[in-house]
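Taking it in order: structure first as structure tokens, then the write-up.
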């Protein structure tokens, strides 16, 4: 192997740890519910570019991993969003995203990215894994915000929901529960939000049932990813109240941000 070519693990070990800042809950195409972040910080953009440069045999990056997001849930099989249901969902998204606007609240909810996982999976939700290799980033820290270009990339996607015909995209076929939980082999590079390694943080949302959490203010908590999980939990409960039984929810321990697919 050419000594100038660094392995994936070496590239990750050279990457400074950085932060992802939540921006908005969002109804993606096919009705998939996501949490969008403000953009990839420079450290992760550099890692992704270096990966492609050192390993050009990798497939071109998928469009879905070019903006940072966490997939929270998918419409159950054989169900479809109606226009009035999309309207309700968008209202919930707007209301529950309000806590991401204030700088002091963002500071308590941002996700520290100090490692990433090379995950070989048996299903796209990462609920079934063949192997998981977590690699820590360097001790250096990059606290810079995403570039204006990266922030605009995310905003452009979010703005699609304001189009009058967005229901056609949100209700189209595909990406239902089976897409995420059915058999599918692949390898991905991802950052888990942090709950997957702790049994105490496992959620009761696997079957689409909402768990309980405190009704006290959760936006002001300074617990990083764990505080963000609580915000996500409240969002799920709101959606279940508006559209009971419509969505399957992915458990807390597998919630992640895909950096890019490696195989598959």
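In the UniProt record's numbering, the protein residues as written are 1 to 264. Think of the CB as a built atom: it goes at the ideal place given N, C-alpha and C, for glycine as much as any other residue. Bear in mind the structure is a predicted one, so any value in this text is a computation, not a measurement.
If contacts are defined as beta-carbon pairs under 8 Å, then residue 40 and residue 22 qualify, I think. What distance do you get, rounded to the angstrom?
For the purposes of this step, residue 40 is taken as residue 40 along the chain shown, with counting starting at 1. For the purposes of this step, residue 22 is taken as residue 22 along the chain shown, with counting starting at 1. Actually they are not in contact, since the Cβ atoms of residue 40 and residue 22 sit about 13 Å apart, beyond 8 Å.
For residue 54, which three-state DSSP category applies?
The count along the chain shown starts at 1 and reaches residue 54 at position 54. Looking at residue 54 - three-state DSSP - the assignment turns out to be helix.
C-alpha distance - residue 35 paired with residue 145, whole-angstrom precision:
Position 35 of the chain shown, counted from the start, is the residue given in the question as residue 35. Position 145 of the chain shown, counted from the start, is the residue given in the question as residue 145. For residue 35 and residue 145, the distance between alpha carbons rounds to 18 Å.
Taking the alpha-carbon positions, what's the residue 251 to residue 50 distance?
Working through the chain shown from its first residue, we reach residue 251 at position 251. Working through the chain shown from its first residue, we reach residue 50 at position 50. If you take the alpha carbons of residue 251 and residue 50, they lie about 32 Å apart.
Presumed contact (8 Å Cβ cut-off) between residue 281 and residue 20, rounded CB distance:
There is no way to answer for residue 281, as the model of the chain reaches only from 1 to 264.
Taking all protein chains shown into account, do 16 or more other C-beta atoms lie within 10 angstroms of the C-beta of residue 156, making it buried, or fewer, making it exposed?
As a first step, residue 156 must be located in the chain shown, where it is residue number 156. With fewer than 16 Cβ atoms within 10 Å of its Cβ, residue 156 is classed as exposed.
Close Cβ partners of residue 140 (< 8 Å) along its chain, the five nearest in sequence each way excluded
Counted from its first residue, the chain shown places residue 140 at position 140. If you ignore the 5 residues before and after residue 140, its C-beta comes within less than 8 Å of the C-beta of 16, 17, all in its own chain and listed in chain order.
Please list, in chain order, all residues of the same chain as residue 69 whose beta carbon is under 6 Å from its beta carbon, the five residues on each side excluded.
As a working mapping, residue 69 is identified with position 69 in the chain shown. So the list reads 34, 36, once near-sequence residues are dropped.
Which listed residue (136, 118, 137) has its alpha carbon closest to that of residue 130
Taking the first residue of the chain shown as position 1, residue 130 is located at position 130. With distances taken between CA atoms, residue 130 lies nearest to 118 out of 136, 118, 137.
Could you give the C-beta distance for residue 260 and residue 179, rounded to a whole number, given that I count them as a contact under 8 Å?
Looking up residue 260 in the chain shown gives position 260. Looking up residue 179 in the chain shown gives position 179. For residue 260 against residue 179, the beta-carbon gap comes to about 19 Å, at or over 8 Å, which does not count as contact.
What residues match up with residue 265 in a beta bridge as DSSP calls it?
In the structure as shown, the chain starts at 1 and stops at 264, and residue 265 therefore has no counterpart that could be examined.
Between residue 112 and residue 245, how many whole angstroms is the CB-CB distance? I'm expecting something under 8 Å.
To locate residue 112, count along the chain shown from 1; it is residue 112. To locate residue 245, count along the chain shown from 1; it is residue 245. Your pair residue 112 and residue 245 does not check out as a contact, with CB atoms roughly 35 Å apart and the cut at 8 Å.
Can you tell me the Cβ-Cβ gap for residue 160 and residue 45, rounded? I've got them flagged as a contact below 8 Å.
Counted from its first residue, the chain shown places residue 160 at position 160. Counted from its first residue, the chain shown places residue 45 at position 45. With 8 Å as the limit, residue 160 and residue 45 do not qualify as a contact, their Cβ atoms being about 22 Å apart.
Taking the beta strand (DSSP E) that residue 120 falls in, what are its first and last residues?
As a working note, residue 120 is residue 120 in the chain shown. From DSSP, the beta strand (DSSP E) with residue 120 extends over 115 to 121.
For residue 238 versus residue 96, is the C-beta distance shorter than 9 Å?
Taking the chain shown and counting its residues from 1, the one referred to as residue 238 is at position 238. Taking the chain shown and counting its residues from 1, the one referred to as residue 96 is at position 96. For the 9 Å CB-CB criterion, residue 238 and residue 96 form a contact.
So, for residue 235: in the same chain, excluding its five sequence neighbours on each side, which residues have a beta-carbon less than 6 Å away from its beta-carbon?
To locate residue 235, count along the chain shown from 1; it is residue 235. 25, 96.
Using the Cα positions of residue 181 and residue 67, report the straight-line distance between them to the nearest angstrom.
As a first step, residue 181 must be located in the chain shown, where it is residue number 181. As a first step, residue 67 must be located in the chain shown, where it is residue number 67. Roughly 22 Å separates the two Cα atoms.
Ordered list of alpha helix (DSSP H) runs contained in the segment 6 to 64, each at least 4 residues:
Counting whole runs of 4 or more residues, the segment 6 to 64 contains the alpha helix (DSSP H) stretches 8 to 13, 42 to 54.
Given residue 183, which residues of its chain have a CB within under 7 Å of its CB, disregarding the five upstream and five downstream residues?
Locating residue 183 in the chain shown gives position 183, counting from the first residue. Sequence-distant Cβ neighbours of residue 183 in its own chain, meaning closer than 7 Å and more than five residues away, are 122, 123.
Just to confirm, are residue 186 and residue 262 a CB contact at a threshold of 9 Å?
Walking along the chain shown from the start, residue 186 turns up at place 186. Walking along the chain shown from the start, residue 262 turns up at place 262. For residue 186 and residue 262, yes; Cβs fall inside 9 Å.
Span separating the alpha-carbon of residue 5 from that of residue 55:
Here residue 5 refers to the residue found at position 5 of the chain shown. Here residue 55 refers to the residue found at position 55 of the chain shown. Residue 5 and residue 55: Cα-Cα distance of roughly 8 Å.
Kindly list the residues whose CB is nearer than 6 Å to the CB of residue 174, restricted to its own chain and excluding five residues on each side of it in sequence; keep chain order.
For the purposes of this step, residue 174 is taken as residue 174 along the chain shown, with counting starting at 1. By the criterion of a C-beta distance shorter than 6 Å, residue 174 is surrounded in its chain by 30, once the five residues flanking it on both sides are discounted.
Can you name the residues that DSSP bridges to residue 191?
Numbered from its first residue, the chain shown carries residue 191 at position 191. In the DSSP assignment, residue 191 is bridged to 257.
Where residue 94 and residue 13 are concerned, what is the direct C-alpha to C-alpha distance, given to the nearest angstrom?
One-based indexing of the chain shown puts residue 94 at position 94. One-based indexing of the chain shown puts residue 13 at position 13. Residue 94 and residue 13: Cα-Cα distance of roughly 37 Å.
Taking all protein chains shown into account, do 16 or more other C-beta atoms lie within 10 angstroms of the C-beta of residue 73, making it buried, or fewer, making it exposed?
Taking the first residue of the chain shown as 1, we reach residue 73 at position 73. The Cβ neighbour count for residue 73, taken over all protein chains shown within 10 Å, is at least 16; the residue is labelled buried.
Contact check, residue 114 vs residue 136 under 8 Å by CB: the rounded distance?
Position 114 of the chain shown, counting from 1, holds the residue named residue 114. Position 136 of the chain shown, counting from 1, holds the residue named residue 136. Rounded, the Cβ-Cβ distance is 6 Å, consistent with contact.
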